[in-house]
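Peer 1: Before I ask anything, here is the structure I am working with.
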Amino acid sequence: MPQLPYSIELHDSDVSAIESPEGKGIVRFSHAYIHNEGKGWSQAAELRVGSAVIESNQATYPARVWDGNLNTKGGAYHNLLTLPIDADGDVELVIEFSSGAVARIKGSGVSLVFTGERAFIEDVT
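Take numbering that gives the first Met the number 0: the final residue in the sequence shown is number 124, and no numbers are missing along the way.
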C-alpha cells in the first residue's frame, strides 16, 4: 500500500491569531490538526504568506476553523493542506470559522513552519 502524504486538516484546527508584520500574512495555528492514514496529531504552526494583503479578518481569536481553501499556482487545496507547503507565485487563502467569520489573505508565496511539539491525538482506523 502506498504511503499517503501527511496533511493539515483545516476543519478542527484552531487559529490563535492572524497578523501582518512587515507585509507578511501569518496565520498562527495553536492547534493544527495533522493526519495521515487514519491517525491524528496536534502541533502549533504558522502559515506564512508573502507580500500579503489581509482583505478580511472578521474572527475573534482564538477561533475554531470550519473550512478553508488555499489556491496556489500549483493547484487548489480544499480543507486538506498536503505537507510540505512551500509554493511561489500568487496565493489566496480563505478560512471559514465555526462562528461564521471569514478571513481572506492574498499574497505571493506561501509556506508552513511548525513551531511546537507534535502530540498524538487519535487513531481512527
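Every residue gets a Cβ at the ideal spot worked out from N, C-alpha and C, and that includes glycine. Only a predicted model underlies this, so the values are computations on that prediction, with no experimental measurement involved.
Name the residue from Ser-6, Ile-7, Asp-11 whose alpha carbon lies nearest to the alpha carbon of Ser-97.
Peer 2: Ser-97 has its Cα closest to that of Asp-11, out of Ser-6, Ile-7, Asp-11.
Peer 1: Inspect the beta-carbon positions of His-30 and Asp-13 and report whether they are closer than 8 Å.
Peer 2: Yes. Within cutoff.
Peer 1: Could you give the distance in angstroms between the alpha-carbon of Ala-100 and the alpha-carbon of Gly-67?
Peer 2: The straight-line gap from Cα to Cα measures roughly 12 Å.
Peer 1: With a threshold of 8 Å, are at least 3 pairs of Cβ atoms found where one atom belongs to the stretch 55-67 and the other to the stretch 36-46?
Peer 2: The answer is no - the stretch 36-46 does not touch the stretch 55-67, with fewer than three Cβ pairs under 8 Å.
Peer 1: Could you compute how far the alpha carbon of Ile-94 sits from the alpha carbon of Ala-102?
Peer 2: Going from the Cα of Ile-94 to the Cα of Ala-102 covers about 5 Å.
Peer 1: For a test of the three-state rule: what should DSSP assign to Gly-108, helix, strand or coil?
Peer 2: Of the three classes helix, strand and coil, the one that applies to Gly-108 here is strand, per DSSP.
Peer 1: In the DSSP output, which residue or residues are listed as bridge partners for Gly-115?
Peer 2: Paired residues: none, contrary to the question.
Peer 1: Taking Ile-53 as part of the beta strand (DSSP E), name the residues at either end of that continuous run.
Peer 2: Note, Ile-53: beta strand (DSSP E), 52-56.
Peer 1: So what's Glu-21 in DSSP terms, helix, strand or just coil?
Peer 2: Of the three classes helix, strand and coil, the one that applies to Glu-21 here is helix, per DSSP.
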